[in-house]
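Presented below is the structure to which this report refers.
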DNA sequence: CATGAATGAGTGTTCATTCAT
DNA sequence: CATGAATGAACACTCATTCAT
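Chains as they are written, first to last, in the numbering used here: chain A, 4 to 212; chain B, 4 to 212; chain C, 4 to 212; chain D, 4 to 212.
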């Protein structure tokens, strides 16, 4: 059992180091941008020798990936909670949109950097359908639930999920670019309004429908 | 008149070279990504000496910018034509969505790279409201027209424009990532359907409205 | 005889071009310094094609050398005149010191650049004992004359000439560096005073002597 | 105490490397001149990788400056000692002239290169009145002392100092250029003779002579 | 395990020189 | 002769990665 204990403390120490380095990398990312993310700087900020980083991360890419995962974790958790709740789809949708809006407005600048690494993108979206793919999956589930509840029309839920996320991301992105920051509540309402009721006028809709 | 002729052929040769280098850069971009875009590679692919590139582009950034402009130009033109037509907003919207859909599906992979260059982003979005900002402006104008025609509800047109573009981009992005390629017609219909009618069911809408 | 005429006009044209290019190089030198002296810039300022420079100067070094010769020529001439005059050595010395002082204060900044090229140095001082060596020779001749006239002590004239030139150059150099510009008359007097009478006090001299 | 030991050996190793690189740079300077001083060559001669140089010197300029300081340091020290001594001005002057003469004859070729770097010049003369400015200051102090002792005439000491240094430098320079090497003792005597007694035969001098 | 010195391939950019037109 | 596009070697500097201690 002793070895198990030693092993555990070893593991603990290792994970502490990993986190420390990861945090340092995040700091560097914030201050110097993606192109300014050098192992030297990470080592300096983390207060460890450059070589030590390679004990915990095989290479720079792995470090970047880990940083990304650290950042996105809270959103994953928050999303999970929202989905798990026993609320109507519309409420879940609103909660989800608000959560992502808040999340993106906090971290968008970092995403600019993180999404830059093709390897990270690969990881996030495609390969293991992880993280972002997960976001889609969750919106999809909510849309599906809405359809089943009879409040949403019977549309392809994945595509709808994608549209919502895309719209949401881009709206945030624009706000960051233009510098203006509208209250999140307002943005949430607008997004929901458009997606739920459409931009078409009811009479016209009645006519077309 | 002779100098005019010589001058012309010189200009022609110069523009041929510029295009050649630009094409080479595009090729490198496709194969190696933005981080892999080195002047050496461009020179090699273009089949010219590295130094020669600097006869046509002051520096790397200028080359990148030029490549970007070359790519986006056709879309700008097509957008202009659509906007100028005297058609109802709904038709324009459809044409615009289809155009961008076609355009993005052709170039999305490049945008991943191009949008990554801060200088390019600057150019595109912020500084001179050029290119992408222009796209927003055009969608905005169409939405505005729709509102005036009485077919669209009176929503903030800029935000709606942003949502549509965001949704559109992301849907394409996803298709590229998942590898599946749905017919563009179908995607256009889905986007319009969602944005015009919303995802909510009519009764619910009637109830809310 | 016709070919002779053609030949002459050809030669004339060539020398005109050489001078034009040389002047352009001088201009570039003044504006951009030695490190900024590029063939491109020279061609641009001269208003000729870069390639044309190589018709008149085998390479950059030859051009630089030519520029140097152009600059130093007036001083050579002025020196010649002073030496040729039938005046007492002391008067010649004063005239010479004044001339060089004026000359250096006008061109010192250029010398900083020109003396930088080892090839130029080679040319100027060593190889053909040209130019600068010539200056030494002239000061030497004046000192010699002074000895013969009985107004100067019988010292090794070359070394004395070197000392005077060295002192003269350095005093100017310092003025340029410190930025202060004392009147030339004053500097001339000081130099002559020190070199003619020495810094030692008469009694002390008598004591030492 | 162990860390202190490790630290010390580390520091030692670092200073050994710095010196090695510095020496290599000196070697390159001697063989290829200032324009031929490339980091590649320094690395090759030093037997280290190019990148390693940048562990010890932030950039080329810093390396050059360091080389310069290494070379000039001994002269600074020797000058300090001479000035500090409690000897009559005339003796100090002789010692100083001899010291510089010896020093310059050893390093003049390097100065050709070193003085060429604007940054080095800046450092030496202007900015902190360091090094060369220091030399002037010291000669000035000696002249001043001589005036106070009553052995030198009451002349502007700074200008006299400049003249002596200029003459001294130029005489050495000439010897290097012409290749002839006169005994230093002789040169010292000639310089002092000229500067103390002047070249003119005055009545007083005539009386002594 | 921790270290940080050492590495060396790679980066964008410059510029004297050549040569086909 | 005049041209200027093309060249390519050279430059200072960076940085992910390795490895002896």
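From the three backbone atoms N, C-alpha and C, an ideal C-beta is built for every residue, glycine too.
Less than 8 Å between CB atoms is the rule here; does residue i satisfy it with respect to chain A?
i, result
"residue 113 of chain B", "no"
"residue 199 of chain B", "yes"
"residue 202 of chain B", "yes"
"residue 207 of chain B", "Low local confidence applies: a pLDDT of 46 at residue 207 of chain B is under 50, so the model's placement there is unreliable, with the coordinate-based value given in what follows. Chain A, which has a Cβ nearer than 8 Å to the Cβ of residue 207 of chain B, makes this yes."
"residue 3 of chain B", "Residue coverage of chain B in this structure runs from 4 to 212, which leaves residue 3 of chain B outside it and unanswerable."
"residue 4 of chain B", "Annotation note: pLDDT 47 at residue 4 of chain B (below 50); position unreliable, coordinate value reported separately. Not closer than 8 Å to any Cβ of chain A, the Cβ of residue 4 of chain B fails to qualify, so no."
For chain C, find out if any of its Cβ atoms is closer than 8 Å to the Cβ of residue i; answer yes or no.
i, result
"residue 35 of chain D", "no"
"residue 155 of chain D", "yes"
"residue 162 of chain D", "yes"
"residue 140 of chain D", "no"
"residue 166 of chain D", "yes"
"residue 101 of chain D", "no"
"residue 128 of chain D", "Below a pLDDT of 50, predicted positions are generally treated as unreliable, and residue 128 of chain D, at 41, falls in that range; the measurement from the model is reported next regardless. Closer than 8 Å to some Cβ of chain C, the Cβ of residue 128 of chain D qualifies, so yes."
"residue 177 of chain D", "yes"
"residue 15 of chain D", "no"
Is there a C-beta anywhere in chain B that falls below 8 Å from the one on residue i?
i, result
"residue 192 of chain A", "no"
"residue 131 of chain A", "A caution first: residue 131 of chain A carries a pLDDT of 41, below 50, which makes its placement in the model unreliable, though a value can still be read off. Answer no: the Cβ-Cβ gap between residue 131 of chain A and chain B never drops below 8 Å."
"residue 79 of chain A", "no"
"residue 50 of chain A", "no"
Please decide whether residue i counts as near chain D, where near means a Cβ-Cβ distance under 8 Å.
i, result
"residue 60 of chain C", "no"
"residue 172 of chain C", "yes"
"residue 158 of chain C", "yes"
"residue 169 of chain C", "yes"
Are residue i and residue j touching if we call contact CB-CB under 8 Å?
i, j, result
"residue 145 of chain A", "residue 194 of chain A", "no"
"residue 170 of chain A", "residue 201 of chain B", "no"
"residue 156 of chain C", "residue 204 of chain D", "yes"
"residue 159 of chain D", "residue 173 of chain C", "no"
"residue 73 of chain D", "residue 108 of chain D", "no"
"residue 84 of chain B", "residue 187 of chain B", "no"
"residue 113 of chain B", "residue 32 of chain B", "yes"
"residue 162 of chain D", "residue 163 of chain C", "no"
Specify, as a first and last residue, the run of the alpha helix (DSSP H) that residue i falls within.
i, result
"residue 57 of chain D", "53 to 59"
"residue 190 of chain C", "187 to 200"
"residue 41 of chain D", "That residue, residue 41 of chain D, is in no alpha helix (DSSP H); it is neither H nor E in DSSP."
"residue 158 of chain B", "Segment: none, residue 158 of chain B is in no alpha helix (DSSP H) and carries neither H nor E."
"residue 50 of chain A", "Premise fails: residue 50 of chain A is in no alpha helix (DSSP H) and is neither H nor E."
"residue 91 of chain C", "No alpha helix (DSSP H) contains residue 91 of chain C, which DSSP labels as neither H nor E."
Out of the options, which one is the CA nearest neighbour of residue i?
i, options, result
"residue 63 of chain B", "B/175, B/79, B/76, B/40", "B/40"
"residue 138 of chain B", "B/150, B/154, B/110, B/99", "B/99"
"residue 19 of chain D", "D/37, D/65, D/59", "D/59"
"residue 136 of chain A", "A/79, A/88, A/151, A/89", "A/79"
"residue 89 of chain B", "B/175, B/149, B/191", "B/149"
"residue 61 of chain D", "D/184, D/21, D/47", "D/21"
"residue 65 of chain D", "D/42, D/183, D/154, D/16", "D/42"
"residue 2 of chain B", "B/181, B/56, B/141", "Absent from the structure is residue 2 of chain B, since the part of chain B shown begins at 4 and ends at 212."
"residue 192 of chain D", "D/176, D/76, D/167", "D/167"
"residue 199 of chain C", "C/11, C/37, C/153, C/75", "C/153"
"residue 76 of chain C", "C/9, C/55, C/190, C/110", "C/110"
Closer than 8 Å is the cut-off here; do at least three beta carbon pairs connect the region 80 to 98 of chain C with the region 136 to 151 of chain C?
yes
Pair every Cβ in the region 36 to 51 of chain D with every Cβ in the region 75 to 84 of chain D, then say whether three or more of these pairs are closer than 8 Å.
no
Is it the case that the region 56 to 71 of chain B contacts the region 22 to 36 of chain B, given that we only count it when at least three CB pairs across the two stretches are under 8 Å?
yes
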